[in-house]
Amino acid sequence: MSQQEKPMKISKVLRQKAQEMLGSRKYANNLLDIMRHFDTGADTCPCILTLEMIFTSLLKSSEMFIEIVPLKPMERTAEIQYREWLKQIYEEAWNKMVHCLDHASPKVATQALASCMNIMAHEGRYPLEPRSSQEHYIPFYRLKPIVMKIIFNRQSSAHLINKFQEYLVYDDMLFATWKLLPSLTAKTNPNDVYIMNFLMLLEKLQLQQNTEGSILFSTEEGEHNFIYDENSARKSLNKVWNCVMLWEQGPVTLKQLLIVLLERVMPYLDKPLMLTDFLMDALDIGGPVSLLALQGLFTLIQSHNLDYPNIFAKLYSMFEPEIFHTKFKARLFYLSDMFLSSTHLPENMVAAFAKRLARLALIAPSEDIIIICMFIGNLILRHPGLKCMLNHPNGGSATNDPYIMEERDPVKSNAINSSLWEIQSLQNHVLPSVAMAARFINTPLPSVEWDITKVLDNSSDDIFDKEIKKNHKLIALAFDRPNGCFLNRGEIISQYWNF
Amino acid sequence: MVKVKNKKRNTAESVNDKKASKNKKVLNPFEVHINKEKIRVLGKKAKNDRGLPGVSRAKALQKRKNTILPEYKVQNKSNQFTDKRIGEKNRSLSADEKSIARYTAVRMNQHKKKSIYNLADDEVLTHKGQTLSEIEKFEDVPHSDDDDDEVDGQRNSGRLDSSFVEDAHFGGGMLKKADGAKSHKDLIEQLIMESKKRKAEMQKQKMANSDLTDKLDSEWKDLLPIVTNSNKKEEELAAAKVDDYDKVMRELKFEARGTPSDKLKTEDDIAKEEKDKLERLERERLERMKGNVFDAASTKIVHRSADDLDDNFAYDSDTPDVTLSYNDGKSNVPMEDEDKEEENENEDVEEEVEEEELETESEDDMSDLKEDEESSSEDEDIPIVEAKVLSKKESATKLINGKHKLDEPEEDETKRSKLDIKDPEKIKEDLMFRKEMMEEARKELPYTFALPENYEQLQELLKDKPSHHQSVIIERMIKCNHPSLKEGNKDELGHLFAYLLQHLSDICCDIEDCKDVKHCFDVFACMTPQFFDLAQLNPETSHRSLIEVFKEKQAEYRKKPTKFPTVEVLLYLKLGSCLFSTSDFRHLVVTPSLVFMEQMLTWCKAKTRANVAYGLFLVSLIAEYTTLSKRYSPASIKFLCGILHMAIPKVTVRQIKVLPPFKHISSSLVLAEQVETFDNPKLDVTDLIDVKDFDDAFRIKAINVSLGLLKYFHSNCQPLSSCPEIFETAFNYLSQLPKENYPESLSKSLNSFLETLDEGKNNRTLEYVVMEKKKPKALRLYEPNIVKIFDRKMHKSQSKEKAERDKLLHKIKKEKKGAIREIRRDKAFLGRVKINQKIQSDTVRKEKVKKIYAEAASQQCALNAMDRYNEVRSKKR
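Chains as they are written, first to last, in our numbering: chain S, 12 to 510; chain D, 38 to 914.
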């Protein structure tokens with residue numbers, strides 16, 4: 012009870028003190044009290060809030076403004092002295108608040124960030140020193156420590172970055188961040204936390220101007236003369252990226268790097284072909300990383316005329332049973348659908364893909380089997396030569412599957428001489444939706460391809476929901492009355508379990 | 038003489054008919070008018086080339102005169118006289134002839150059809166103007182009581198007596214009057230007095246009479262019993278005398294006859310009905326198992342020629358085309374061998390039937406008696422055996438249809454028999470024990486239970502009761518509140534089902550140690566038959582509530598998809614397999630629960646002992662679900678592979694790959710040392726919540742169960758073409774297991790399974806996938822339009838009905854035109870008649886006026902003449 016009341020009380024007291032201090036200069040020493048309380052480390056949040064309130068209103072009323080007239084010695088009036096004192100405290104408080112960004116509690120850290128940004132915004136609107144009104148004023152010296160703190164944090168600063176993202180809708184903030192970034196990029200190998208923070212921040216930064224075009228450091232009337240310079244932002248991006256590419260990457264950061272690269276950076280790089288080596292190295296790592304690298308390569312091939320000799324073999328090697336348990340399987344299916352969309356590919360290679368997918372379907376989770384069935388169907392639709400896998404020209408029988416699963420080169424896997432027995436077997440799958448999906452090989456193929464994108468994100472939960480929603484009139488009951496919990500026929504449980 | 042009996046005779050047709058005969062006269066050439074023909078067509082029949090305008094006009098006129106004219110004349114008249122007397126209008130007949138004609142008519146009338154058989158009705162005999170039948174009625178005219186003694190004139194009530202009348206009415210002469218000095222007034226008074234006295238007397242007598250009658254009646258009533266008794270005795274005596282024949286006959290006559298439907302069913306009949314029912318259900322189940330959609334694909338057409346006309350003419354290609362030929366005196370077609378084979382088969386089947394019988398006997402104890410009787414009756418009742426053989430045959434064909442390899446049933450059999458050796462004994466004991474417990478419970482508990490209104494009531498009722506007591510309570514509750522007893526009971530039982538589910542979940546909620554789990558499963562085992570009954574009584578509600586439970590549990594699981602849910606989920610899933618037909622292709626309850634189980638097996642992490650046990654329970658549940666449908670579940674095989682992987686010692690640097698959620702390095706099930714024996718091959722339900730770490734006993738059990746389940750799945754999947762691929766991983770893992778550490782029996786079965794897998798991989802025949810051949814579509818043929826006879830006219834090609842209709846329409850049009858013309862002519866005719874009448878009446882009037890004028894003129898003339906005469910005379914004077 013008392014614990015709950017305490018912060019309430021303190022925040023009230025702090026607020027009261029601040030009000031008094033703002034009300035008249037008599038209580039100027041209240042500020043010192045607050046600072047002292049802040050130093051104790053207790054009640055950081057209310058202190059930050061109080062300081063934010065004090066300084067924003069001081070900035071608004073220009074009480075810290077000191078006019079410097081050139082060629083005129085500074086007068087030592089009491090007023091100026093007071094102002095200088097205020098300014099000194101302000102700097103002190105600012106440093107402390109920025110320091111709070113490192114705070115272990117994410118709540119405090121986020122609050123500190125919000126307060127800092129707010130104060131900075133006010134300073135931008137009401138500068139401490141006289142400025143010419145022509146150019147747009149951005150207090151870089153305030154922003155830099157903030158961003159630095161975010162990136163050089165001891166722990167992952169995802170929460171801060173998320174908060175910071177809220178300010179990136181302002182064009183001038185975005186631009187300032189881009190301007191700052193090159194100076195903050197490490198030239199040598201940084202640690203993993205830094206890389207992760209940096210990449211996360213980079214993921215949030217967009218290069219193009221926001222559509223709303225709102226400005227953070229504008230006067231209250233909304234006047235500003237800020238112009239977003241996309242070219243210079245782009246230059247900074249390239250600069251930053253050149254540094255980033257020099258870093259040594261761990262497996263986790265590499266994945267993040269590739270995601271950022273694919274989603275943010277790639278389209279704006281000056282020489283994307285420089286990435287080829289990097290992507291090819293990443294491709295050999297295997298797992299999700301190589302999948303992402305593959306996507307990058309695909310972009311290069313598609314829009315930059317890269318010629319990569321063995322890309323299909325790489326794609327082929329990516330179809331491993333483990334892929335179904337990663338987050339990237341939808342991406343893989345999407346990508347391979349794109350890769351194999353050309354109708355000019357050799358048939359035996361496409362057949363190898365179909366056959367491999369069919370093999371994987373034997374052990375895949377049910378939702379993936381449905382995707383695979385559609386995928387194979389689409390492949391056969393695109394390459395009518397593959398129909399021999401569904402409908403063998405001569406019939407007959409074989410003693411063994413001609414397809415060689417272990418062969419790494421799809422062309423040599425001899426899949427075209429095989430048949431899709433796996434799909435046939437899957438017609439006996441225990442789930443009716445899967446069994447129905449596998450029945451496509453019994454009927455003539457449709458003229459239009461199946462739409463894979465619709466089912467890519469399906470999960471087994473969706474299948475469950477669908478089955479629940481199915482409305483059947485008939486409720487088929489068992490007709491053997493069980494004795495105890497043993498069925499008269501088909502009792503398996505009691506064979507393996509003691510009750 | 039025209040009979041006006043029939044109005045129809047007066048119409049136009051009749052007149053026309055009459056005249057028709059007259060028209061057959063030779064045509065008068067002056068009356069004939071020849072119609073000129075403009076274009077002459079050869080072979081055309083000319084109907085209207087000549088006509089008789091004058092004659093036909095006269096004919097029409099005559100007709101109108103006979104028809105419309107009389108109608109016109111009687112118009113606006115409400116009635117008319119028709120003289121029906123025979124010969125009255127005929128002047129040529131004399132009076133005698135008329136009477137003769139009338140008499141004949143009467144006689145003729147009597148001989149009409151109606152009265153032809155009334156032989157006696159010819160003449161009615163009369164007497165004094167009354168018919169004899171009337172006289173002979175002999176009706177008893179009712180006499181009033183007052184008139185009873187009418188004979189006595191003195192006492193005649195209404196009337197005055199003669200002496201009085203004599204005196205009073207006629208005076209009686211002067212002499213008599215002198216005697217009596219009675220005045221008129223006295224006389225009247227006397228008269229009144231007398232009549233009153235008489236009336237009173239009569240009244241009195243009447244009363245006495247009625248009293249007497251009453252007395253007589255009562256006395257008769259007293260006597261009545263004596264009289265009847267005596268009668269009865271006589272009758273009894275007579276009955277005793279009835280001879281045996283009559284008795285037997287009467288007995289036969291009155292013997293109660295049963296209706297055919299009431300025929301008592303013998304045990305055999307009941308058993309047979311039961312069997313038929315089961316067979317029907319089984320057939321339906323199989324249909325559902327295949328899935329409705331699949332039917333079209335699965336019913337393969339064996340052979341279709343391109344010339345097939347789709348007329349269901351089947352070319353019997355199954356029978357081999359062997360032409361009969363003789364080689365060394367032997368025909369190449371086996372003639373009797375086949376029959377022999379069939380017989381053999383039958384024998385086999387019979388044996389199998391017997392085997393099965395035995396099995397069922399041993400398996401379910403409850404129906405022991407019935408089965409025994411059935412098997413004893415088997416020897417006598419051949420038809421039943423035959424039916425059984427047939428059914429067995431069906432199942433055999435079913436097996437073959439299901440693409441089973443030939444060795445499969447054998448294996449099945451061996452497996453079964455193996456099971457039979459081990460399990461039934463135990464199960465039997467268990468069941469017997471349970472039965473005894475139930476009996477005890479039955480004795481202890483009250484016989485009726487009301488249905489609980491809410492869950493709390495049920496909870497109260499079942500609280501702290503042992504499981505068999507709970508079972509009996511529910512059983513009685515169901516029996517007392519059977520839907521057939523009361524209207525709303527069905528819904529109430531549906532609620533009971535939901536409450537019981539809740540009860541189950543509540544028991545499972547507070548599972549803390551092994552004892553609780555055992556208790557929980559015990560309660561579940563006891564309740565399952567009750568659940569089954571409830572589900573049978575109200576399938577809709579029960580399936581809905583079970584689905585709701587699944588939905589809820591799945592939603593809970595969804596929050597943490599890598600963790601196995603609580604034990605109760607297993608119970609619900611097991612319940613699903615007990616209550617519903619698990620083999621359906623798609624089922625409202627079974628399919629979602631299968632999806633749920635697959636999900637759990639695919640995503641949940643098996644780290645601890647409880648997790649492994651939970652997963653294995655799920656796999657065995659899936660095995661149970663797919664027992665009949667033999668479907669393939671990748672998730673369960675994957676899970677079993679993961680369990681096997683956990684048992685492989687990871688000594689080498691080389692990683693053995695395993696699919697997530699299993700870890701590459703996990704080796705908690707590895708059996709480090711050699712274990713000689715293992716006493717308990719089955720897992721315990723207590724393992725499901727055991728928090729202990731893995732021990733050797735559990736490791737062996739887990740591997741044993743996994744191996745058993747793998748074998749089971751393998752036998753199910755064997756007909757699938759990619760069976761070896763499915764079991765490839767399992768094969769790899771199995772061969773890497775440290776076999777030497779396992780007990781001998783286990784390692785032996787492991788080796789044998791490995792051999793089977795290897796064999797299956799090496800000796801397999803893969804039929805290439807071939808799509809079903811489609812019948813080529815025939816080109817559409819256009820038939821030439823051939824017209825039989827060309828007659829210049831373009832006949833519209835239209836349907837018969839349409840042609841008929843057109844013809845009729847044309848006729849109507851023609852008739853309408855004709856009718857309008859006729860009406861117009863009728864009107865003209867009537868107009869003529871009217872004008873004639875007018876003219877006639879005018880002339881008559883003119884005549885009259887003329888006559889009057891003439892008379893007046895002559896009168897005037899006479900007057901004038903007289904005037905003139907008078908003038909002359911006066912002048913003369």
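Here a beta-carbon is modelled for each residue, glycine too, at the ideal position from N, C-alpha and C.
Among the options, nearest to residue i - alpha-carbon criterion
{"i": "E74 (chain D)", "options": "D:E68, D:R87 and D:P66", "result": "D:R87"}
{"i": "L311 (chain S)", "options": "S:S328, S:F289, S:F330 and S:P299", "result": "S:F289"}
{"i": "E512 (chain D)", "options": "D:I740, D:L571 and D:K527", "result": "D:L571"}
{"i": "G652 (chain D)", "options": "D:M634, D:Y669 and D:H701", "result": "D:M634"}
{"i": "R801 (chain D)", "options": "D:L495, D:A865 and D:P761", "result": "D:P761"}
{"i": "E1 (chain S)", "options": "S:N411, S:H170, S:T88 and S:R94", "result": "Residue 1 (chain S) lies beyond the stretch modelled for chain S, which goes from 12 to 510, so this question has no answer here."}
{"i": "I21 (chain S)", "options": "S:H48, S:L227, S:E31 and S:N321", "result": "S:H48"}
{"i": "N129 (chain S)", "options": "S:V109, S:D113, S:A448 and S:H114", "result": "S:V109"}
{"i": "I463 (chain S)", "options": "S:D476, S:L346, S:D472 and S:L356", "result": "S:L346"}
{"i": "A120 (chain S)", "options": "S:I59, S:A304, S:S377 and S:P138", "result": "S:I59"}
{"i": "N253 (chain S)", "options": "S:E103, S:D292 and S:L192", "result": "S:L192"}
Close-in-space but distant-in-sequence residues of the same chain around residue i (CB under 8 Å, 5 per side omitted)
{"i": "V554 (chain D)", "result": "I548, V604, V722, T723, L725 and I726"}
{"i": "I510 (chain D)", "result": "L482, F486, L498, L499 and K502"}
{"i": "P179 (chain D)", "result": "A caution first: P179 (chain D) carries a pLDDT of 45, below 50, which makes its placement in the model unreliable, though a value can still be read off. Within the same chain, P179 (chain D) has no close Cβ partners at all."}
{"i": "A562 (chain D)", "result": "S504"}
{"i": "Y182 (chain S)", "result": "It is Asp, not Tyr, that sits at residue 182 (chain S) in the sequence shown. Result list for D182 (chain S): Q220, N221, G224, S225, I226, F237 and Y239, in chain order."}
{"i": "P780 (chain D)", "result": "V712, E713, T714, F715 and I737"}
6 Å CB neighbourhood of residue i in its chain, flanking five on each side removed
{"i": "A363 (chain S)", "result": "P421, S424 and A426"}
{"i": "D412 (chain S)", "result": "S429"}
Same chain, Cβ closer than 7 Å to residue i, neighbours up to 5 away in sequence not counted
{"i": "K600 (chain D)", "result": "C641"}
{"i": "D418 (chain D)", "result": "Confidence is the limiting factor: at D418 (chain D) the pLDDT is only 41, short of 50, which leaves the residue's position unreliable, though a coordinate-based value still follows. Cβ neighbours of D418 (chain D) beyond the five flanking positions: D305."}
{"i": "R370 (chain S)", "result": "M416 and E433"}
{"i": "G23 (chain D)", "result": "The displayed coordinates of chain D run from 38 to 914. Any statement about residue 23 (chain D) would go beyond what the structure contains."}
{"i": "N200 (chain S)", "result": "W258 and E259"}
{"i": "M403 (chain D)", "result": "At M403 (chain D) the pLDDT is 42, less than 50, meaning the model places this residue with poor confidence; the figure from the coordinates comes in the next sentence. Here the set comprises nothing."}
According to DSSP, residues forming a beta bridge with residue i
{"i": "S408 (chain S)", "result": "D:E804"}
{"i": "F617 (chain D)", "result": "S:L488"}
{"i": "Q167 (chain D)", "result": "D:H164"}
{"i": "L720 (chain D)", "result": "S:W508"}
{"i": "H70 (chain D)", "result": "D:G88"}
{"i": "N564 (chain S)", "result": "There is no way to answer for residue 564 (chain S), as the model of chain S reaches only from 12 to 510."}
{"i": "Y669 (chain D)", "result": "S:H440"}
Distance between beta carbons of residue j and residue i, contact taken as under 8 Å
{"i": "I382 (chain S)", "j": "P671 (chain D)", "result": "Rounded, the Cβ-Cβ distance is 14 Å, inconsistent with contact."}
{"i": "D476 (chain S)", "j": "A341 (chain S)", "result": "About 19 Å; that fails the 8 Å criterion."}
{"i": "T67 (chain S)", "j": "H114 (chain S)", "result": "Incorrect: roughly 21 Å between the Cβ atoms, too far for contact."}
{"i": "R26 (chain S)", "j": "T55 (chain S)", "result": "Not quite, the Cβ-Cβ distance comes to about 15 Å (not below 8 Å), so this is no contact."}
* Would you check if the region 802–820 of chain D and the region 748–757 of chain D touch, i.e. whether three or more CB-CB distances between them fall below 8 Å? => Contact fails: fewer than three Cβ-Cβ distances are below 8 Å.
* To do: Would you be able to state if there are at least three C-beta pairs under 8 Å between the region 436–446 of chain S and the region 393–401 of chain S?
  => The region 393–401 of chain S vs the region 436–446 of chain S: no contact.
* Could you say if the region 324–341 of chain S and the region 399–412 of chain S meet the contact criterion of at least three C-beta pairs nearer than 8 Å? => Three or more Cβ pairs closer than 8 Å define a contact, and the region 324–341 of chain S falls short of that threshold against the region 399–412 of chain S.
* If you pair each beta-carbon of the region 196–208 of chain S with each one of the region 154–167 of chain S, do three or more pairs fall below 8 Å? -> Below 8 Å, enough C-beta pairs join the region 196–208 of chain S and the region 154–167 of chain S to call them touching: three or more.
* Taking contact to mean at least 3 C-beta pairs separated by less than 8 Å, is the region 277–287 of chain S in contact with the region 303–320 of chain S? -> Taking 8 Å as the limit for Cβ pairs, the verdict is that the region 303–320 of chain S does touch the region 277–287 of chain S.
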